[in-house]
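Residue numbers (our numbering): 461 to 816. The beta carbon of each residue, even a glycine, is placed where N, CA and C say it ideally should be. Encoded as structure tokens, the structure appears first; notes follow it.
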Amino acid sequence: MKIKKTFRLFANCIVVEGISQATICDLHRGDVYIIPLEIASFLKVCENENSIDERDAYSSESKEAITEYIDFFKEKELGFWTDEPESFPNLNMKWSSPEIINNAIVEIESIEKSSLLRIANSLKELLCKFIEIRLYNSINKEDLSYFLSLFNDSTLKGITIFIPYLENGILFFLKDEILTNPLVSLVVIHGVRDYRLYNHLPKNKVKLLEKKISNNTHCGIIDPNMFSIKIPVFTESMKFNSCLNKKISICENGDIKNCPSMGKSYGNIKDVSLTKVVKNKEFKKYWSITKDQVAGCKDCEFRRVCTDCRAYLENPSDIFSKPLKCGYNPLTNEWTEWSTNPLKKEAIDYYDFTSN
Ligand code: SF4
Ligand code: SF4
């Protein structure tokens, strides 16, 4: 008797269909594979049927392509034939997070010590998990050490620090005080002119950038190398904004915003508490904007692993407009340089990036 079976992707491998092609996101290994829509449809049929006769599963015209893809999926350990599909349940796609705020950006360069204390206490109260500290032009070692020390007794999981390259040396400070701090997961040194100074530092904790970051207009670039192919990011992006959900930022002048690149301030840290700002409905309006609501992105096969920048938009007056700094066209599947695209010129002029 012939045994009927079906082809299944592993639970951590999820198909995302775009308008002209699809992806398989391997959320365990952090890889994205591009596949034709026809293959995505075949995988969907397999997912919905407990038993597919291998010979009936595809038409004779598509047989060769499907057989090749199945061999590829097996080789990459993305899927398998099974006669017991009920033994392989789907991944739970629910996302929840107990934190009130789970990530913060703090531009600490000009913030006074008393405000740093207030920021740290509030972030701890809000159970913040990740902090990005940004320094653009100078480093006040005492303030940075002080701010880091305020989180020793916190539930924080990681701190990323952007610091400027300084020839006359922050090397010992970096080695002795910053990189030894268990909370510091990454230091990005920008504007590097002489790599020899820093290239013996641990590569898993220090990233060197030639480009100088002078202010917050550097942010928001959509780059496939920065896609985050992980279960929490994928599941969060289905219901919430993949950049701004549960994010708060404190700018150089102490203004509290969704992100430093946004215009709207919800008060200054000297006068308003972060806790009060987080209760404001208006402040949370971006949190639930998903890529499925964004023009262009809703047709894109990368929408579950891509950042959704809401600060720089193709149409600045439409909060559901596509991120300005994306050069991808989901219709043609081509990546082009966003900054020279004539269709984006008006928005680029509007945001005026010349100062960076
Ligand atoms: S909204 Fe855009 S500019 Fe703001 S933090 Fe996110 S990616 Fe950066
Ligand atoms: S079109 Fe949207 S989802 Fe696709 S890569 Fe660009 S920003 Fe990301």
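Do residue 787 and ligand 1 come close, with the Cβ less than 7 Å from some heavy atom? The beta carbon of residue 787 sits no closer than 7 Å to any heavy atom of ligand 1.
Mind checking which residues open and close the alpha helix (DSSP H) that includes residue 695? 691–699
Please determine, among 701, 686, 681, 598, the residue with the shortest C-alpha to C-alpha distance to residue 650. 598
Reference residue 709, options 778, 692, 658, 676, closest by Cα: 676
To the nearest angstrom, how far is the alpha carbon of residue 471 from that of residue 478? 20 Å
Cβ neighbour criterion (16 or more within 10 Å) applied to residue 656: exposed
Excluding five sequence neighbours on each side, which residues of the same chain lie with their C-beta closer than 7 Å to the C-beta of residue 633? 601
Report the residue from 510, 776, 502, 536 whose alpha carbon sits nearest the alpha carbon of residue 522. 502
Expressed to the nearest angstrom, what Euclidean distance is found between the alpha-carbon atoms of residue 525 and residue 495? 11 Å
Can you tell me which of 631, 689, 618, 758 puts its alpha carbon nearest to the alpha carbon of residue 565? The shortest C-alpha separation from residue 565 is found at 618.
At what residues does the alpha helix (DSSP H) containing residue 772 begin and finish? Counting along the chain, residue 772 falls outside any alpha helix (DSSP H), and DSSP gives it neither H nor E.
Buried or exposed (CB count within 10 angstroms, at least 16 for buried), residue 574: Under this definition residue 574 is an exposed residue.
If you draw a straight line from the alpha carbon of residue 461 to that of residue 543, how long is it in whole angstroms? Its pLDDT being 48, under 50, residue 461 is placed unreliably by the model, and nothing is read from it.
Neighbourhood of residue 763 by C-beta distance below 6 Å, restricted to the same chain and skipping five residues each side: 751, 757
What do you reckon, are the CB atoms on residue 693 and residue 716 nearer than 8 Å? no
Can you tell me which of the three DSSP states residue 766 falls into? coil
Check whether the Cβ of residue 485 sits closer than 7 Å to any heavy atom of ligand 2, and report yes or no. Not one heavy atom of ligand 2 sits closer than 7 Å to the Cβ of residue 485.
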